[in-house]
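Visitor:
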Amino acid sequence: MEKLHGRFKENGPNHPLVEAAEQDYRRTHTDATDLSEDFGEETARIGARFEFNGDVIRDNDGNPRMRHEVDADGETVYENGKPKLTELRPNLEGATEIPPSRSAPKNGNDQFDQIYRTVDGDIAIVEAKSSTRTDRGEREVKPPGRDPRLVSQGTRAYLGDILRAMEDRGKKPGNIQERLLSQETRDKLRQNRVTCAVFKGNPVDTYMKDANGDRQWTGDPTANGYDHRIFDLSEKKAS
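Heads up: the sequence shown begins at 1 in the UniProt record's numbering, then just goes up one per residue.
(1) Using a threshold of 7 Å, state whether the C-beta atoms of residue 191 and residue 76 are closer than that.
(2) If residue 139 and residue 161 are in contact, beta carbons under 8 Å, what's the gap, nearest whole angstrom?
(3) Name the DSSP bridge partner or partners of residue 215?
(4) Which ranges does the alpha helix (DSSP H) cover as unbroken runs of at least 4 residues, wholly within the stretch 98-183, from first to last along the chain?
(5) Within its chain, find whatever has a CB closer than 7 Å to the CB of residue 142; leave out the 5 residues flanking it on each side and keep chain order.
(6) Just verifying my parser: in three-state terms, what is the DSSP assignment at residue 85?
(7) Can you check whether the CB of residue 56 is closer than 7 Å to the CB of residue 102?
(8) Which of the three DSSP states is assigned to residue 57 in this structure?
(9) Closest by CA to residue 87, which one among 134, 104, 66, 106?
(10) So is residue 216 buried or exposed if we call it buried at 16+ other beta carbons inside 10 Å?
(11) Residue 97 and residue 78 - do their beta-carbons sit closer together than 7 Å?
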């Protein structure tokens, strides 16, 4: 390292030029992180509106996923004592993207990346990743009377723990809307009216040849679509 040699060694890591370089690195790293997160968020926003267009959602066997049919008040319609079912068809045309609570952590923890309420009242939860190489997130949940365990994004247990965090924040003065949103999502989860998916951006680095014919990175990556996965939130996939 340069700071270990010559005049940098004399003043150690506190040399003004070293400090300035480290500060510049931190700023650059922060800017790159913010840009990457923005890219992931916008990719997910575009992808979700394209994929959730009113077409039926199907499971891994190709069967349509079903949800409760509801009345004008959002209450389950019963037929012969059982919930009447209809195909799950999330449609983000005209949907409302619900902004994060001002009480939510600024680092993005304990919250969903994007939440939408469709025109017919269904909920769509979208998790955003900046790259196809980014793994799903994990969190430790502590079920009452049981040992803590790790659960992954896209599972019912993960979803429930985020909703619990939202409910806790919603108890603070002036933040009742977050608690109400959490309760609404839980109610609609019981009606199978919640769709959850992850969208991963696919940035591709671009290169050009310099005057010597050597391949050089342009520093200007381009977007190359996205990958996505729709999760199974049914009780059988609770964990």
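We treat Cβ as the ideally placed atom computed from N, Cα and C, and that holds for glycine.
Guide: In this structure, then:
(1) yes
(2) 6 Å
(3) 209
(4) 156-169
(5) 148
(6) strand
(7) no
(8) coil
(9) 66
(10) exposed
(11) no
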